[in-house]
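J.: Numbering (the UniProt record's numbering), first residue to last: 1 to 436. Every residue, glycine too, gets a C-beta built ideally from N, C-alpha and C. As the structure is a prediction and not an experimental result, all values here were calculated from the model. Take this structure first; my questions come after.
This is the structure in structure tokens:
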């Protein structure tokens with residue numbers, strides 16, 4: 001395919017990877033490395049990797065099928081379809097729609113972590129807990145990525161199809177497409193050659209200790225696993241079914257820069273420059289990327305069992321999209337060689353999300369992001385009572401971490417106005433609002 005995947009796996013210290021390319025109606029795929037550094041089982045093209053939030057496109061597809069069947073209107077309030085549905089904000093309860101949820105403009109907390117078990121009622125129970133969760137942003141206020149919002153969409157699927165989400169996923173997509181590697185939950189995944197996630201600990205890449213979180217988040221991307229080839233069979237459906245083209249139509253014309261090259265949002269799809277659509281997924285030490293050029297009938301999927309696979313994926317995207325679709329891929333973000341000082345008057349301050357209070361501060365011509373947890377869950381994620389990271393100015397509206405982690409440099413944007421010349425939101429895909 002124009003590269004040696006084995007060499008790329010070694011170059012970027014990724015345990016294992018799969019790549020599949022759709023062009024001229026044909027899919028070519030390959031695999032390299034191992035599924036687990038502990039077991040040393042070889043990665044093959046029929047192995048299954050978790051695709052994380054790429055699952056959201058599958059959930060959006062199930063929603064579109066409901067629309068096509070005339071049983072769901074994207075612009076009617078969700079509560080019309082979910083008896084007893086309630087958020088902590090009564091106005092949001094009354095106005096929230098499926099379109100808001102598909103486009104991450106509903107304001108539902110994206111980091112509401114509540115274990116509701118692993119049974120078929122996990123999604124129903126989780127949606128009920130949103131009545132007590134903070135609702136920080138009214139619908140239509142700002143784009144803010146929300147896994148919890150897609151769980152609500154999954155509950156819509158369950159209620160309107162009168163079946164558990166994973167059963168609908170199999171009945172409506174997996175079986176009709178003839179997919180043999182698709183695993184909708186943990187019990188199905190163990191029947192395949194399943195990739196194990198890996199994380200960096202103490203400078204070493206080691207297997208993750210969990211396969212997935214509680215089943216409630218399955219519609220947003222916690223459980224679904226599949227091979228790269230069969231992921232592209234699903235993409236083929238989107239390129240050949242005219243009804244699904246509506247999901248690629250721009251709904252959010254622009255989003256704050258958070259480092260992935262996304263410039264807008266459709267109904268589930270991330271929108272990139274030059275007509276490229278796709279999504280990225282992260283799930284317990286695994287990371288996956290999907291890029292599609294509908295006008296050229298070209299798609300590429302890169303699945304890895306590592307949180308550090310992004311440079312590998314971008315090297316492959318650069319070659320495939322250039323050679324087969326004539327599209328240039330934006331490079332991974334890096335700090336400028338000679339960054340200008342941050343605009344302290346507009347950017348500095350403290351911003352609040354459900355998990356953290358995040359302070360952007362300027363000290364002696366250097367800038368730092370200081371994160372402080374707001375609850376015990378956040379403290380466990382952070383590994384302490386405070387995390388301090390140096391950032392530099394990337395451009396007039398964003399900053400970037402000075403030192404990369406295993407997943408690269410993080411970009412955060414400062415957007416909106418509080419009416420006093422200061423940014424209203426600190427944005428890294430999800431929005432934190434200014435409190436000081």
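Would you check if the segment 270–283 and the segment 45–62 touch, i.e. whether three or more CB-CB distances between them fall below 8 Å?
T.: Result yes; three or more Cβ-Cβ pairs closer than 8 Å.
J.: Look up residue 425 in the DSSP assignment and give the residues it is bridged to.
T.: Looking at the DSSP assignment, residue 425 forms a beta bridge with 415, 433.
J.: Taking Cβ positions, are residue 430 and residue 216 nearer each other than 9 Å?
T.: No, they are not a contact pair.
J.: Could you check the C-alpha separation between residue 407 and residue 17 for me, to the nearest Å?
T.: Between residue 407 and residue 17, the C-alpha separation is close to 16 Å.
J.: Are at least three pairs of beta-carbons, each pair with one atom in the segment 358–367 and one in the segment 246–255, less than 8 Å apart?
T.: Not touching, per the Cβ criterion.
J.: For residue 358, which of 336, 322, 97, 385 has the nearest alpha-carbon?
T.: Out of 336, 322, 97, 385, 385 has the C-alpha closest to the C-alpha of residue 358.
J.: Taking the straight line between their C-alpha atoms, what separation do you get for residue 195 and residue 419?
T.: Spanning the two alpha carbons is a distance of roughly 49 Å.
J.: I'd like the ranges of any beta strand (DSSP E) spanning at least 3 consecutive residues and lying wholly in the segment 282–351.
T.: Fully enclosed beta strand (DSSP E) runs of 3 or longer: 286–293, 298–304.
J.: Just the Cα atoms here: how many angstroms apart are residue 101 and residue 140?
T.: Roughly 10 Å separates the two Cα atoms.
J.: In the DSSP assignment, the alpha helix (DSSP H) including residue 94 goes from what residue to what residue?
T.: Start and end: 90–95.
J.: Give me the Cα-Cα distance between residue 423 and residue 4, rounded to the nearest whole angstrom.
T.: Whole-angstrom Cα-Cα distance: 45 Å.
J.: Where does residue 180 land, buried or exposed, given buried means 16+ other C-beta within 10 angstroms?
T.: Flag for residue 180 reads exposed.
J.: Just to confirm, is the Cβ distance from residue 290 to residue 298 under 9 Å?
T.: Result no, Cβ atoms of residue 290 and residue 298 do not sit closer than 9 Å.
J.: Going by DSSP, what residue range makes up the beta strand (DSSP E) through residue 388?
T.: Note, residue 388: beta strand (DSSP E), 387–395.
J.: Which residue wins for smallest C-alpha separation from residue 169, given the options 224, 1, 112?
T.: Checked all of 224, 1, 112; the closest Cα to residue 169 is 224.
J.: Thinking just about the alpha-carbon of each residue, which of 150, 171, 360, 379 is nearest to the one in residue 427?
T.: Checking every option, the nearest Cα to that of residue 427 belongs to 360.
J.: Exposed or buried, what is residue 230 when buried is set at 16 or more other beta-carbons lying within 10 Å of its beta-carbon?
T.: That one is buried.
J.: Please report how far the alpha carbon of residue 64 lies from the alpha carbon of residue 184, in whole angstroms.
T.: Taking the straight line from one Cα to the other gives about 19 Å.
J.: Start and end of the alpha helix (DSSP H) containing residue 166?
T.: Residues 165–169.
J.: Closest to residue 398 by CA distance: which of 379, 340, 436, 353 is it?
T.: Of the candidates 379, 340, 436, 353, the one whose C-alpha sits nearest the C-alpha of residue 398 is 340.
J.: Shortest alpha-carbon distance to residue 143 belongs to which of 32, 253, 333?
T.: Among 32, 253, 333, the Cα nearest to that of residue 143 belongs to 253.
J.: So, at 6 Å on beta carbons, what are the nonlocal neighbours of residue 232 in its own chain, with the 5 sequence-adjacent residues on each side left out?
T.: Excluding positions up to five away in sequence, the list reads 20, 22, 27, 299, 301.
J.: Run through the DSSP bridge pairs and tell me what residue 405 is partnered with.
T.: Answer by DSSP bridge pairing, in chain order: 408.
J.: Unbroken alpha helix (DSSP H) runs of length 4 or more, entirely within the segment 69–150: which are they?
T.: 90–95, 98–102, 122–129, all fully within the segment 69–150.
J.: Excluding the five sequence neighbours on either side, which residues of its own chain have a C-beta within less than 7 Å of the C-beta of residue 160, listed in chain order?
T.: Contacts found: 66, 71, 72, 81.
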